[in-house]
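J.:
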Amino acid sequence: VAIFVASALTSYQVKTSLWELRALIGLTTLPLGLLLVRGERRVRQVFDLLIWVTLALALYGIAQYLFTDYGELYNRIPGPFGHYMTYSGVVLLGACLLLGRLTTGPTAQPAKDWLFLAVILMALGLTLTRNVWLATLVVVTIAFIMRYRRWLPAYAVALALLLSLVATQAPQHWSRLTSIVSLDDPSNYDRLCMAEAGLHMIADRPLFGIGPGMVEQYYPIYRHPTALRADVKHLHNTFIHLAAERGILAVGAYIWLMIAALWLCHRGYRAGGGLAGPRADLYLGVMLALVALNIAGIFEANWRDTEIQRWALFLLAVPVCVDNET
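In terms of this note's numbering, the sequence shown opens at residue 1441 and continues consecutively.
1. Determine which residues share a DSSP beta bridge with E1512 and list them.
2. Based on Cα-Cα distance, which residue from V1758, W1751, L1755, P1759 lies nearest to G1529?
3. My guess is that V1655 and A1684 are in contact by the Cβ rule of under 8 Å, so how many angstroms apart are they, rounded?
4. Is it right to say R1590 is buried, meaning 16 or more other beta carbons lie within 10 angstroms of its own, or is it exposed?
5. Examine the Cβ distances between the region 1745 to 1765 and the region 1530 to 1539 and report whether three or more of them are shorter than 8 Å.
6. Any beta carbon from chain C within less than 9 Å of P1593's own beta carbon?
7. Compute the Euclidean distance between the alpha carbons of T1576 and T1678, then round it to the nearest angstrom.
8. Check whether the Cβ atoms of G1712 and Y1723 lie closer than 9 Å to each other.
9. What number of angstroms, rounded off, separates the C-alpha of T1569 from the C-alpha of G1638?
10. Look up F1487 in the DSSP assignment and say whether it is helix, strand or coil.
11. Using the Cβ count rule (16 or more neighbours within 10 Å means buried), how would you classify A1720?
12. Give me the Cα-Cα distance between V1580 and A1594, rounded to the nearest whole angstrom.
13. Rounding to the nearest angstrom, what Cα-Cα distance links F1444 and Q1453 in this structure?
14. Mind listing, in chain order, the continuous alpha helix (DSSP H) runs of no fewer than 4 residues lying wholly within the region 1527 to 1576?
15. Expressed to the nearest angstrom, what Euclidean distance is found between the alpha-carbon atoms of M1698 and E1512?
16. Given this structure, state the Cα-to-Cα distance separating S1653 from S1457, to the nearest angstrom.
17. Under three-state DSSP, which class holds L1675?
18. Can you look up R1589 in the DSSP assignment and give me helix, strand or coil?
19. Could you pull the start and end residues of the alpha helix (DSSP H) that I1748 belongs to?
20. DSSP state of Y1452, grouped into three classes?
21. Once you ignore the five residues that flank L1557 on each side, which residues in its own chain have a CB closer than 8 Å to its CB?
22. Please confirm if the region 1663 to 1678 is in contact with the region 1622 to 1638, defined as three or more CB-CB distances below 8 Å between the two stretches.
Structural data, given as structure tokens:
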């Protein structure tokens, strides 16, 4: 918060950046979580609610895909949100909480939870959002290795069969998937141009950045001449965007928050007995969600998305909330 304020006060346009400080309201989610959600029982209640909300969002998105004109690459399903990136990012975090539950505890998990996960993963697949696909693959693989390591070859075969099915039955999704590593894809090249522009912004103002809200206004000045878009609202990378807007100190604070929460979760997870621990699902759910958030954040500035940020801020508080019974 202090770095955010300092960045606004040293901005290229102080008055405009000071208005961006209204985002401080959203940052209160973390301390409010610490104050209002106390103890394991309360945390479980909130997790249950978030998982049910995620399921409802997934069903909403699937219905949009089936019964409306949403679904094409340039008209992707947004759920009840204003943008498909917000929708996919929020559903991703909820999927991780459910995945943490299914990875821990008794071997025979309720069938409904597996069904819920299948529905949620289907919705994520239909969003055509590559950063979320990649993050989902990573956290699902991590969870599988943790719980069913000896079945890893079977998992690899199943994944290959799934990819074959997508290639033959869903050409739009297959082309979207294969475009991840292609520089011939216009959006990939444009993201590289945005990254280069962001690095120049950081070089000009490394400590506190060019100012909150200034990336959109100054991008045309820093833009590479071959970039696809003349104007952008953000740089499609959480770390570069945060550093360009608020400086490398802000990125350091962000990374510190993530590492601190992951370390606290890992400590609680190990102290409780690992996968068999009574709180393992809570700790693992948070760890998977934060890993997914930051993998997706390499390709999308998801931290600036209020709905995603507030979920993440609460999850950062969870390892402390679980131990706070008073």
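The beta carbon of each residue, even a glycine, is placed where N, CA and C say it ideally should be.
T.: Based on what the coordinates show:
1. BP columns for E1512 point to Y1510.
2. The shortest C-alpha separation from G1529 is found at W1751.
3. 6 Å
4. exposed
5. Yes: the two stretches touch, three or more of their Cβ pairs being nearer than 8 Å.
6. Reference to chain C is not applicable here, since this structure consists of a single protein chain.
7. 18 Å
8. yes
9. 22 Å
10. helix
11. buried
12. 14 Å
13. 14 Å
14. 1551 to 1566
15. 34 Å
16. Going by the sequence as given, residue 1653 is Gly instead of Ser. Rounded to whole angstroms, G1653 to S1457 spans 6 Å at the Cα level.
17. coil
18. helix
19. I1748: member of the alpha helix (DSSP H) spanning 1746 to 1763, first to last residue.
20. coil
21. A1535, L1538, L1539, L1542
22. yes
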